[in-house]
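**Q**
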Amino acid sequence: MNTLDRIKLLVEQKGITIAELERRADIGNGVIRRWGTSLPTGDKLQRVARELNVTIDYLVNGEEDSKTLYIGRKASNLTDEDLELIDIMIDQLLKKNNKE
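Per my numbering, the sequence shown starts with residue 307, numbered consecutively.
#1: How is isoleucine 333 classed by DSSP in three states: helix, strand or coil?
#2: For aspartate 311 and tyrosine 376, what's the separation of their Cα atoms in angstroms?
#3: Pick out the complete alpha helix (DSSP H) segments inside the segment 319 to 401, 4 residues or longer, and give them in chain order.
#4: Say whether the segment 347 to 356 touches the segment 330 to 337, bearing in mind that this needs 3 or more beta-carbon pairs closer than 8 Å, one atom from each stretch.
#5: Are the C-beta atoms of glutamine 352 and some chain D residue less than 8 Å apart?
#6: Does the separation of the CB atoms of leucine 389 and isoleucine 313 fall below 8 Å?
#7: In whole angstroms, what separates the C-alpha of arginine 340 from that of alanine 381?
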């Protein structure tokens, strides 16, 4: 499976079209479809990954850190205030684990 195939799968799961993804990611019409035969630029790939809530590594290689991605997907629906609290909690846990 190549980058374009993974994008097609993800947009289908999100219930949007590739054209809609291109609009959301501010990429020209038809650009993503050309990724089946050409390499995307890093900037465009980053914008697509952000819109699809996946990593660039997943789009390119099909690999992801499942724990990190799982947490990231859950956190994407939280408020900024909630995210700040989570960041503080993570820092405290890291400090605690480093002391042990």
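Ideal Cβ positions, reconstructed from N, Cα and C, are used throughout, including at glycine.
**A** This is what the structure gives:
#1: DSSP places isoleucine 333 in coil when its eight states are reduced to three.
#2: Rounded to whole angstroms, aspartate 311 to tyrosine 376 spans 21 Å at the Cα level.
#3: Entirely contained in the segment 319 to 401, the alpha helix (DSSP H) runs reaching 4 residues are, in chain order, 324 to 330, 348 to 358, 362 to 367, 372 to 381.
#4: In short, these stretches touch, since the Cβ pair count reaches three.
#5: Protein chains in the displayed structure number just one, and chain D is not present.
#6: Their beta carbons are not under 8 Å apart, which means leucine 389 does not touch isoleucine 313 by this criterion.
#7: Each residue's Cα considered, the two are about 32 Å apart.
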